[in-house]
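Residue numbers for the sequence shown follow this note's numbering, beginning at 1181 and rising by one. Each residue gets a CB set at the ideal place from its N, CA and C atoms; glycine is no exception. None of the values given here were measured: they were computed from a predicted structure.
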Amino acid sequence: MKKIICSLAAVCCLVSFAFAAEGGFSDVPEGHWAADAVYKAAEAGVVSGFEDGSFRPKDDVTGVQFCAILARSFFAEELAGESVYLPWQTRTMNVCASLLSGTSLESSYAAGGDTWASASGRGLTRCDMAQIIYQLLEETDAPSGAVLEAAAAALGDWGRIPVSYRNAVAVCLDKGLLQGKSDGLFHGSETVNRAQACAVWARLRDLMEQAESDAPAEPEDSESGEFVFAPREGETLQQTMNRVNQKTPLHPDGGVLSNGEAISEENIQSLLEQVKAAYPDGTRWTSDPKNNYASPKIGYSSGCLAFGLAVSDFLFGEDATITQHRNFRQLKAGDVVTIDTPSVYRVLVILSVDDNGAYTCCELQKDGKLNWSEWGNLKDFVDRPITCVYSRY
């Protein structure tokens, strides 16, 4: 499973009507300041026009619509993992939730009873757009004093920009993604229109593509050329698994592990030693969005289950068939067990099971620490409805 930085072929509708045809948009002539960006965005499928052939470049863009552009462009895999039974707005905002910290969208979500309804029809402000982009870029360190000073010098209304937005605005200016208006002001409370959204998208796409082309080649993690289950600095679990899955041969017919070895307890334990080396005893696993994972066979998961499914994909290959059952008498090494009660949520990665029903496992509790030496007996949870097994064989 390859992670492509700009997955721009997917359709993302700012409106529900199709792109009017080859003649272009009636209100975006060749000389329009954003024509190049608008047509690139339309060609990529991230915006569309209206039935009358217009684009309406001055219409406001809502926060949900802007997040839809980002989700379809940069988080296609995560979006695919969302339930198809959810409205597109909810799927979009679930995927982009980690980008909304500190924005008015996040505040309205909480104030509205944890729904995105209040954000659906409200225009996106320039400050909120800067904050979303800043977090998309994964800028974990505060900008340097020089970057902040440059922004303060460039924007005549720097003092009126809320302090909580200044890092984002400064970084976006520094990277050429945003700029002040012709009067030298940022106008952070003004809403973004459709043409401006396309222009920002185009600059962001160019920046991402340039970063990808400038990045050094990924070093191999072993002499065999295979990637191991180990995160690199700053990586999310999804990014780690994208690398792992990219190098893992597909074995959809089952019968072998991801490395081509036969499925056996011994061979599974050997692969799990790599996981243990990367995530040793005592590693804390929180519900932070960076620990989420979209398994190709199961879909989007978070917290403990995300870890368990990532380990399962590493062991058996992302394309291997996966089943869910409660036949605990058939539990085998490599199976992932979830135990969900009102008081605790646990995920077990089974290491071994003997003839007497005794098992060993790696246990992880919600927002807890990994324990690679947990053990028990199958009779402790056989046939309990609170448990579920994810198995690849």
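Legend entry - Residue range of the unbroken alpha helix (DSSP H) whose run includes TYR1314: Within the sequence shown, residue 1314 is the residue found at index 134, counting from 1. First-last of the alpha helix (DSSP H) with TYR1314: 1306-1316.
Inset, instruction - Select from LEU1384, PRO1469, THR1371 and GLU1445 the residue whose C-alpha is nearest the C-alpha of GLN1418. - result: As a position in the sequence shown, residue 1418 is number 238, starting the count at 1. Checked all of LEU1384, PRO1469, THR1371 and GLU1445; the closest Cα to GLN1418 is PRO1469.
Inset, instruction - Express the C-alpha separation of ALA1326 and GLY1368 in angstroms, rounding to a whole number. - result: Here residue 1368 is taken as the residue at index 188 of the sequence shown, counted from 1. Here residue 1326 is taken as the residue at index 146 of the sequence shown, counted from 1. Their Cα atoms are separated by approximately 21 Å.
Inset, instruction - Kindly indicate which three-state DSSP category GLN1245 falls into: helix, strand or coil? - result: Residue numbering aside, residue 1245 sits at position 65 when the sequence shown is read from its first letter. Correct three-state label for GLN1245: helix.
Inset, instruction - Go through its chain and collect everything with a Cβ distance to ALA1382's Cβ below 6 Å, but skip five positions before and after it. - result: As a first step, residue 1382 is located in the sequence shown; it is residue number 202 there, counting from the start. Here the set comprises ALA1217 and LYS1220.
Inset, instruction - May I have the straight-line CA-CA distance separating SER1344 from LEU1266, to the nearest angstrom? - result: By 1-based counting over the sequence shown, the position of residue 1344 is 164. By 1-based counting over the sequence shown, the position of residue 1266 is 86. Computed Cα separation, rounded: 32 Å.
Legend entry - Spatially closest choice to TYR1525 from GLU1543, LEU1511 and LYS1512, by CA coordinates: On the sequence shown, position 345 is the one that residue 1525 refers to. Here the closest residue by C-alpha is GLU1543.
Legend entry - Assumed close pair THR1305, THR1371 - CB separation to whole angstroms, cut-off 8 Å: One-based indexing of the sequence shown puts residue 1305 at position 125. One-based indexing of the sequence shown puts residue 1371 at position 191. Their Cβ separation, rounded to whole angstroms, is 6 Å, which keeps THR1305 and THR1371 in contact under 8 Å.
Inset, instruction - Could you check the C-alpha separation between THR1283 and VAL1424 for me, to the nearest Å? - result: Your numbering for residue 1283 matches position 103 in the sequence shown. Your numbering for residue 1424 matches position 244 in the sequence shown. Rounded to the nearest angstrom, the two C-alpha atoms are 34 Å apart.
Inset, instruction - Identify, in the order they occur along the chain, each residue of the same chain with its Cβ nearer than 6 Å to the Cβ of SER1278, setting aside the five sequence neighbours on each side. - result: Position 98 of the sequence shown holds residue 1278. Once the five neighbours on either side are set aside, the close Cβ partners of SER1278 are PRO1469.
Inset, instruction - Would you list the residues sitting across from ARG1526 in a DSSP beta bridge? - result: Translated into positions along the sequence shown, residue 1526 becomes position 346. The partner list for ARG1526 (beta bridge, DSSP) reads ILE1519 and GLN1545.
Legend entry - One or two residues paired with GLN1504 in a DSSP bridge: Start at 1 with the first residue of the sequence shown, and residue 1504 comes out as number 324. GLN1504 pairs with TYR1570.
Inset, instruction - Given a cut-off of 8 Å, decide if SER1475 and SER1467 are closer than it, judged by their beta-carbon atoms. - result: Taking the first residue of the sequence shown as position 1, residue 1467 is located at position 287. Taking the first residue of the sequence shown as position 1, residue 1475 is located at position 295. No.
Inset, instruction - Return helix, strand or coil for ASN1536, following the three-state DSSP convention. - result: The count along the sequence shown starts at 1 and reaches residue 1536 at position 356. Reduced to three states, the DSSP call for ASN1536 is coil.
Inset, instruction - Can you give me the Cβ contacts of SER1495 inside the same chain, cut-off strictly under 8 Å, excluding the 5 residues immediately before and after it? - result: Along the sequence shown, read from residue 1 onward, the residue named residue 1495 stands at position 315. Ser is not the amino acid found at residue 1495; the sequence shown has Leu there. So the qualifying residues of the chain are LEU1437, SER1438, ILE1448, LEU1451, LEU1452, GLY1514 and ARG1572.
Legend entry - C-beta contact flag for PHE1205 and GLY1229 at 8 Å: Residue 1205 sits at position 25 when you count from the first residue of the sequence shown. Residue 1229 sits at position 49 when you count from the first residue of the sequence shown. Cβ atoms of PHE1205 and GLY1229: closer than 8 Å.
Inset, instruction - Over the uninterrupted beta strand (DSSP E) stretch that includes GLU1257, give me the two end residues. - result: Indexing the sequence shown from 1 puts residue 1257 at position 77. Careful: GLU1257 lies outside any beta strand (DSSP E), inside the alpha helix (DSSP H) at 1256-1260.
Inset, instruction - Going by CA-CA distance only, name the one from GLY1336, TRP1268, ALA1334 and LYS1546 that's closest to ALA1521. - result: Position 341 of the sequence shown, counting from 1, holds the residue named residue 1521. Residue identity check: residue 1521 is Thr in the sequence provided, not Ala. Nearest C-alpha to THR1521: LYS1546.
Inset, instruction - Buried or exposed for GLY1405, please, with buried defined as at least 16 other CB atoms from any protein chain shown within 10 angstroms of its CB. - result: In the sequence shown, the residue the question calls residue 1405 occupies position 225. Because the pLDDT of GLY1405 is 43, which lies under 50, any placement of that residue in the model is unreliable, and the number read from its coordinates should be weighed accordingly. GLY1405 comes out exposed.
Inset, instruction - List the residues that DSSP assigns as beta-bridge partners of TRP1338. - result: Numbered from 1 along the sequence shown, position 158 holds the residue referred to as residue 1338. Its beta-bridge partners do not exist; DSSP assigns none.
Legend entry - VAL1569 vs LEU1489 beta-carbon contact at 8 Å: Within the sequence shown, numbered from 1, the residue matching residue 1569 stands at position 389. Within the sequence shown, numbered from 1, the residue matching residue 1489 stands at position 309. For VAL1569 and LEU1489, no; Cβs fall outside 8 Å.
Inset, instruction - Find the nearest neighbour of ALA1224 within the set THR1540, ARG1385, ASN1557 and HIS1505, judged by alpha-carbon distance. - result: Translated into the one-based positions of the sequence shown, residue 1224 becomes position 44. It is ARG1385.
Inset, instruction - Give a yes or no on whether the minimum CB-CB distance between ALA1410 and chain D is below 8 Å. - result: Checking the listed chains, one finds no chain D in this structure; it contains a single protein chain.
Inset, instruction - In the DSSP assignment, find the alpha helix (DSSP H) that holds TYR1219 and state where it starts and stops. - result: Along the sequence shown, read from residue 1 onward, the residue named residue 1219 stands at position 39. Here the alpha helix (DSSP H) through TYR1219 covers 1215-1224.
Legend entry - Cross-strand partners of ARG1464 (DSSP beta bridge): If you number the sequence shown from 1, residue 1464 lands on position 284. LYS1549, per the DSSP bridge assignment.
Legend entry - Beta-ladder partner(s) of SER1475, from DSSP: Counted from its first residue, the sequence shown places residue 1475 at position 295. Bridge partners of SER1475: GLY1479.
Inset, instruction - Please indicate yes or no: does the CB of THR1466 lie closer than 7 Å to some heavy atom of the ligand PLP? - result: Ligands displayed in this structure: none; no statement on the ligand PLP is therefore possible.
Inset, instruction - Going by CA-CA distance only, name the one from ASP1232, SER1281, ALA1260 and ARG1302 that's closest to VAL1244. - result: As a first step, residue 1244 is located in the sequence shown; it is residue number 64 there, counting from the start. Checking every option, the nearest Cα to that of VAL1244 belongs to ARG1302.
Inset, instruction - State the Cα-Cα distance for the pair GLU1398 and ASP1363, rounded to the nearest angstrom. - result: Walking along the sequence shown from the start, residue 1398 turns up at place 218. Walking along the sequence shown from the start, residue 1363 turns up at place 183. Note that GLU1398 has pLDDT 48, beneath the 50 cutoff, so the model's placement of it is unreliable and the number below is only indicative. If I take the Cα positions, the gap works out to 45 Å.
Legend entry - Beta-carbon contacts of PRO1411 that lie in its chain and below 7 Å, excluding the five residues immediately before and after: Start at 1 with the first residue of the sequence shown, and residue 1411 comes out as number 231. Cβ neighbours of PRO1411 beyond the five flanking positions: THR1420 and ALA1458.
Legend entry - Local Cβ density within 10 Å of GLN1376, reported as buried at 16 or more and exposed below that: Here residue 1376 refers to the residue found at position 196 of the sequence shown. The residue is buried, with at least 16 neighbouring Cβ atoms inside 10 Å.
Inset, instruction - Could you tell me if GLU1329 is buried or exposed, where buried requires 16 or more neighbouring beta carbons within 10 angstroms of its beta carbon? - result: Counting from one through the sequence shown, the residue named residue 1329 turns up at place 149. With fewer than 16 Cβ atoms within 10 Å of its Cβ, GLU1329 is classed as exposed.
Inset, instruction - Identify whether LEU1531 lies in helix, strand or coil by the three-state DSSP scheme. - result: Indexing the sequence shown from 1 puts residue 1531 at position 351. Strand at LEU1531.
Inset, instruction - Give the C-beta separation of LYS1549 and THR1416 to the nearest angstrom, bearing in mind that I take them to be a contact with Cβ-Cβ under 8 Å. - result: Here residue 1549 is taken as the residue at index 369 of the sequence shown, counted from 1. Here residue 1416 is taken as the residue at index 236 of the sequence shown, counted from 1. Wrong, their Cβ atoms sit about 19 Å apart, outside the cutoff.
Legend entry - Closest residue to TYR1473 among LYS1361, ASP1232, ALA1256 and THR1567 (Cα-Cα distance): Translated into the one-based positions of the sequence shown, residue 1473 becomes position 293. When each option's Cα is compared against that of TYR1473, the closest is ALA1256.
Inset, instruction - Could you tell me if ALA1331 is buried or exposed, where buried requires 16 or more neighbouring beta carbons within 10 angstroms of its beta carbon? - result: For this step, residue 1331 is matched to residue 151 along the sequence shown. Burial call: buried.
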